[in-house]
Amino acid sequence: MQNKPKYKRVLLKLGGESLSGKGGYGVDFSVINSIALQIKEIKQAGIEMGIVIGGGNIFRGAAAKSMDRVSADYVGMLATVINSLALQDALEKKGVWTRVQTAIEIQKLAEPYIRRRAMRHLEKGRVVIFAAGTGNPYFTTDTAAVLRAIEIGAEVILKATKVDGVYNVDPMIHSNAIKYSRLTYMAALKKRLKVMDSTAFSLCMDNKIPIIVFNLGKKDNIKRVIFGEKIGTLITDSR
Ligand code: UDP
Numbered sequence: 120m121q122n123k124p125k126y127k128r129v130l131l132k133l134g135g136e137s138l139s140g141k142g143g144y145g146v147d148f149s150v151i152n153s154i155a156l157q158i159k160e161i162k163q164a165g166i167e168m169g170i171v172i173g174g175g176n177i178f179r180g181a182a183a184k185s186m187d188r189v190s191a192d193y194v195g196m197l198a199t200v201i202n203s204l205a206l207q208d209a210l211e212k213k214g215v216w217t218r219v220q221t222a223i224e225i226q227k228l229a230e231p232y233i234r235r236r237a238m239r240h241l242e243k244g245r246v247v248i249f250a251a252g253t254g255n256p257y258f259t260t261d262t263a264a265v266l267r268a269i270e271i272g273a274e275v276i277l278k279a280t281k282v283d284g285v286y287n288v289d290p291m292i293h294s295n296a297i298k299y300s301r302l303t304y305m306a307a308l309k310k311r312l313k314v315m316d317s318t319a320f321s322l323c324m325d326n327k328i329p330i331i332v333f334n335l336g337k338k339d340n341i342k343r344v345i346f347g348e349k350i351g352t353l354i355t356d357s358r
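Take 120 as the starting number for the sequence shown in the numbering used here and just add one per residue.
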């Protein structure tokens, strides 16, 4: 690992399921603690970090078929608040200063999302956890991650997943799946690769913000990506 970080300000997107450990549901505190420990080390290297967490380990709007979609999406957004507060707690126990900002106001437990205030927290070295997605139904936390990344001027979106990167076919199903180390947005679209949902992906492409998809399950991977190790798949505007 090189000893200088490659980035100054990053946006980390954690899928809700990546917090659930082996059980598949809820929050696994050993997983959250290991993520928090890595973030602490990254903060010590002087990197500014915003985080968006999904809610899929607790609730997904589109999956709740018997419920009104809009109401279900609000429940999904609240699930991301639960995850955000759990991560905040783990980080602060390790001495990392944080703020949770929510896109739906819940002032008793978090700040409302205010961009300028978020920027100030980042400059002061606080990790800002952006909760409740975009605050709108029919969106995903991937879209929230891209939106916040652009708003705060992050240099890259680090999308943590359960696999090593973007593959030509689903690596969970096909043992011969081939991983891409680099892709352009156009190539990913043409090959119909599922990097993010289409709203999130086009926002990325339009604003030319690079994405790195990598495996959260491997030791020190967040750190390795930030220090410029070529793991995962890098998706950019040009090759
Ligand atoms: N959600 C929403 N608007 C947003 C972000 C999220 O309605 O801007 C809801 C949606 O129901 C989604 C759920 O919150 O299914 C959890 O988010 P997501 O599925 O993106 O979580 P992840 O897959 O990253 O765990």
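From the three backbone atoms N, C-alpha and C, an ideal C-beta is built for every residue, glycine too.
Per DSSP, F258 is not a residue of any beta strand (DSSP E), being assigned neither H nor E. Here the alpha carbons of S317 and T303 stand approximately 15 Å from one another.
The shortest CA-to-CA distance from G174 to any of I271, Y193, G165, I341 is the one to Y193. Using a Cβ distance threshold of 8 Å, V200 and A263 do not count as a contacting pair.
Of all C-beta pairs linking the segment 154 to 168 to the segment 337 to 345, three or more are shorter than 8 Å, placing the two stretches in contact. Check the Cα spacing between A251 and each of K159, D147, S203: the tightest is with S203. Assignment of beta-bridge partners to G169 by DSSP yields L130, V247. In the DSSP assignment, V200 falls within the alpha helix (DSSP H) that extends over 188 to 212.
For T355, the enclosing beta strand (DSSP E) has its first and last residue at 352 to 355.
The shortest C-alpha to C-alpha distance from M324 to any of L241, I269, E230, I161 is the one to I269. In this structure, I331 lies away from V314, with their beta-carbon atoms at least 8 Å apart.
By the criterion of at least three beta-carbon pairs nearer than 8 Å, the segment 158 to 170 is in contact with the segment 229 to 248. Only residues of its own chain outside the window of five on either side were considered, and among them A222, I223 have a CB closer than 6 Å to the CB of G254, listed in chain order.
E224 has its Cβ no nearer than 7 Å to any heavy atom of the ligand UDP. Counting the other CB atoms within 10 Å of its CB gives M291 a total below 16, which places it among the exposed residues.
Rounded to whole angstroms, the gap between the alpha carbons of K309 and N287 is 12 Å. Annotation: E274 to R311 spans about 25 Å, alpha carbon to alpha carbon. Cβ contact annotation for A229 (same chain, cutoff 6 Å, sequence separation greater than five): V219, T221, in chain order.
Relative to the ligand UDP, the nearest heavy atom lies less than 7 Å away from the CB of A198. For the beta strand (DSSP E) assignment, the uninterrupted runs of no fewer than 3 residues enclosed by the segment 240 to 325 are, from N- to C-terminal side, 246 to 250, 275 to 280, 301 to 303. Cβ contact annotation for S139 (same chain, cutoff 8 Å, sequence separation greater than five): G145, V146, D147, V150, N176, in chain order.
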